[in-house]
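Counting from 1 along the sequence shown, just add 39 to a position and that's the residue number in the working numbering.
Report on one structure; see the data block that follows.
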Amino acid sequence: QLCLWIQSYCLYKKNALQEAILALEGLERNDEILQLEAQIFYRLGDFNACIDSYNKLSQKANLDSSELKTNLIASYISGGRSNEVPALMQTLKVTPRSGFELAYNAACASIEGNNYAKAEELLLLARRYFLFFMILHRI
Numbered sequence: 040q041l042c043l044w045i046q047s048y049c050l051y052k053k054n055a056l057q058e059a060i061l062a063l064e065g066l067e068r069n070d071e072i073l074q075l076e077a078q079i080f081y082r083l084g085d086f087n088a089c090i091d092s093y094n095k096l097s098q099k100a101n102l103d104s105s106e107l108k109t110n111l112i113a114s115y116i117s118g119g120r121s122n123e124v125p126a127l128m129q130t131l132k133v134t135p136r137s138g139f140e141l142a143y144n145a146a147c148a149s150i151e152g153n154n155y156a157k158a159e160e161l162l163l164l165a166r167r168y169f170l171f172f173m174i175l176h177r178i
């Protein structure tokens with residue numbers, strides 16, 4: 040199973056996405072495989088499958104990772120389900136103030152909802168958080 044995961048990951052990194060999904064076929068869906076599968080589906084533009092993989096991951100394990108929460112929210116936005124993002128963020132116990140990526144995602148959802156004033160506010164927040172991140176990490 041590990042060898043097939045590694046093969047799929049390498050194919051994913053090479054952007055051979057259909058082959059990467061095929062390499063995962065028949066494998067038990069553990070946390071690592073579900074996360075890779077979600078990332079592949081996201082790149083393929085199959086956002087419903089991506090969301091489904093993240094939901095399965097959250098049922099199997101506690102979705103504590105900020106990165107996974109951010110990716111799940113981005114999947115909803117990219118999949119045209121921005122109207123569900125505010126409730127999803129409440130469920131995941133995150134806010135735009137949780138980090139620059141979440142502020143950016145919330146801004147994208149606001150744009151989808153034609154709330155441009157809120158989107159501008161959130162983009163400015165994302166920018167401030169990002170600049171702080173850059174200073175903090177001396178980038």
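Backbone N, C-alpha and C fix where the C-beta goes; we use that ideal spot for every residue, glycine too.
Could you name the residues of the same chain whose beta carbon sits closer than 6 Å to that of residue i, not counting the 5 residues immediately before and after it, in chain order?
i           : result
residue 59  : 47, 50, 51, 79
residue 151 : 121
residue 147 : 116
Only counting the same chain, and skipping five residues up and downstream in sequence, which positions put a Cβ closer than 8 Å to that of residue i?
i           : result
residue 54  : 82
residue 155 : 149
residue 124 : 112, 115, 116, 144, 145, 148
Using the Cβ count rule (16 or more neighbours within 10 Å means buried), how would you classify residue i?
i           : result
residue 135 : buried
residue 128 : buried
residue 108 : buried
residue 175 : exposed
residue 41  : exposed
residue 67  : exposed
residue 170 : exposed
residue 159 : exposed
residue 141 : buried
Thinking residue i and residue j are a contact (beta carbons under 8 Å), I'd like their distance in whole angstroms, please.
i           : j           : result
residue 93  : residue 114 : 6 Å
residue 131 : residue 145 : Rounded, the Cβ-Cβ distance is 12 Å, inconsistent with contact.
residue 118 : residue 87  : 6 Å
residue 84  : residue 105 : Residue 84 to residue 105, Cβ: 24 Å. No contact.
residue 90  : residue 111 : 7 Å
residue 126 : residue 96  : Contact doesn't hold; Cβ gap of about 19 Å is too wide.
To which residues of the same chain is residue i closer than 7 Å at the C-beta, ignoring the five residues directly before and after it?
i           : result
residue 62  : 43, 46, 47, 50
residue 157 : 149
DSSP three-state call for residue i: helix, strand or coil?
i           : result
residue 109 : helix
residue 130 : helix
residue 1   : What is shown of the chain runs 40 to 178, which leaves residue 1 out entirely.
residue 170 : helix
residue 181 : With the chain covering only 40 through 178, there is no way to say anything about residue 181.
residue 117 : helix
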